[in-house]
Amino acid sequence: MREFNITLLGKSCWRLLVDRRGLWYRVLVARYGEEAGRLAVWGQSGSSWWRELSKIRDGESDDGGWFEESVERRVDNGVDTFFWMNLWLGGVPLSVKYRHLF
-3 MREFNITLLG KSCWRLLVDR RGLWYRVLVA RYGEEAGRLA VWGQSGSSWW
47 RELSKIRDGE SDDGGWFEES VERRVDNGVD TFFWMNLWLG GVPLSVKYRH
97 LF
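Count the sequence shown with our numbering and you get residues -3 to 98, in order.
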């Protein structure tokens, strides 16, 4: 049963990643906010569903970083991919890792 739940959370992560103009994404932005082009986590004040989804998205779940390892990101026109702000190397934005370039 746990694997099924993790799979559904992974599907939700995928939908939020590829459908940033959809109703569900906009509802979550209204509820939790957006930081550096991605939905904010909100710590303990978020719902348990949202906290688990955030852990999977950020590679912090008990099952490891399987979602992050399975997703390939293509930098295109910069609308959906924030080159300097997204987490690329070891969970750290390039703007932090290479401050002298940013």
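Where is the CB? At the ideal position from N, CA and C, for every residue including glycine.
In this text, all values refer to a predicted model and were calculated from it rather than measured experimentally.
What do you reckon, are the CB atoms on residue i and residue j nearer than 8 Å?
i, j, result
"Tyr21", "Gly42", "no"
"Leu49", "Leu5", "yes"
"Ala78", "Gly33", "Reading off the sequence, residue 78 comes out as Phe, not Ala. In contact: Phe78 and Gly33 (Cβ atoms closer than 8 Å)."
Compute the Euclidean distance between the alpha carbons of residue i and residue j, then round it to the nearest angstrom.
i, j, result
"Leu97", "Arg(-2)", "43 Å"
"Glu56", "Val23", "24 Å"
"Thr3", "Ser91", "32 Å"
"Trp62", "Gly87", "14 Å"
"Val37", "Arg47", "7 Å"
"Asp15", "Val25", "13 Å"
"Cys9", "Ser66", "12 Å"
"Leu93", "Lys51", "In the sequence as displayed, the identity of residue 93 is Lys instead of Leu. Between Lys93 and Lys51, the C-alpha separation is close to 22 Å."
"Leu116", "Glu64", "Since the first residue shown for the chain is -3 and the last is 98, residue 116 is missing from the structure and cannot be characterised."
"Pro89", "Arg95", "10 Å"
Using only alpha-carbon positions, find the residue among the options that is nearest to residue i.
i, options, result
"Glu30", "Asn82, Asp58, Phe63 and Gly87", "Asn82"
"Lys7", "Tyr94, Pro89, Trp45 and Ala26", "Trp45"
"Arg11", "Arg53, Trp80 and Ala26", "Arg53"
"Phe0", "Asp59, Lys93, Ala26 and Arg47", "Asp59"
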